[in-house]
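Peer 1:
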Amino acid sequence: MAKKARKAKIGDHILFLRKDQTFLGIVEIVRDNSVIVEISKEAAKELGYETNKTVVKHFNYVVIKDIATA
């Protein structure tokens, strides 16, 4: 996922790596160095998270569905 891509926007769908697995998330908040994304409840359970929100640094994700083109 080292591919240099544009910064995600709110509503974009992204793919990111966590614990050697790829996960899908929807961007809810964009910060200077990261985004806060919503992941599925199943993914959160698999990762051992209490919530279905997680933080992903900008260089650790790829935008797969731009909200402007959806």
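Residue numbering for the sequence shown follows this note's numbering, starting at 254 and increasing by one per position.
Ideal Cβ positions, reconstructed from N, Cα and C, are used throughout, including at glycine.
Let me check understanding here. Comparing Cα to Cα, which of V315, K318, I317 and V309 lies closest to I289?
Peer 2: V309
Peer 1: Measuring CA to CA, which of K262, F269, G264 and I263 is closest to V315?
Peer 2: F269
Peer 1: Within its chain, find whatever has a CB closer than 6 Å to the CB of A296; leave out the 5 residues flanking it on each side and keep chain order.
Peer 2: F276
Peer 1: Consult DSSP for K298 and reduce its assignment to one of helix, strand or coil.
Peer 2: helix
Peer 1: If you count every other CB in all the chains shown that lies within 10 Å of the CB of D265, and 16 or more means buried, which is it?
Peer 2: buried
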